[in-house]
Amino acid sequence: MIVTATEFKTNFGKYLELIAKEDVFITRNGKIIAKVVNP
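All residue numbers for the sequence shown refer to our numbering, where the first residue is 33 and numbers rise by one.
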């Protein structure tokens, strides 16, 4: 799943749950700046 940094920050709790199921890529200005994965 790809989300913007603003969206991730606003809905942090929601994305913590989703990270358990799939990797989340965070973008800023259209470029991927981070990948959050389940440990």
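For glycine and all other residues, C-beta sits at the position ideal for the given N, C-alpha and C.
query	result
Sub-7 Å separation of Ile58 and Ala66 beta-carbons	yes
Own chain, CB closer than 8 Å to Arg60, minus 5 neighbours either side, in chain order	Thr36 and Ala37
Reduced DSSP category for Lys53 - H, G, I as helix; E, B as strand; rest coil	coil
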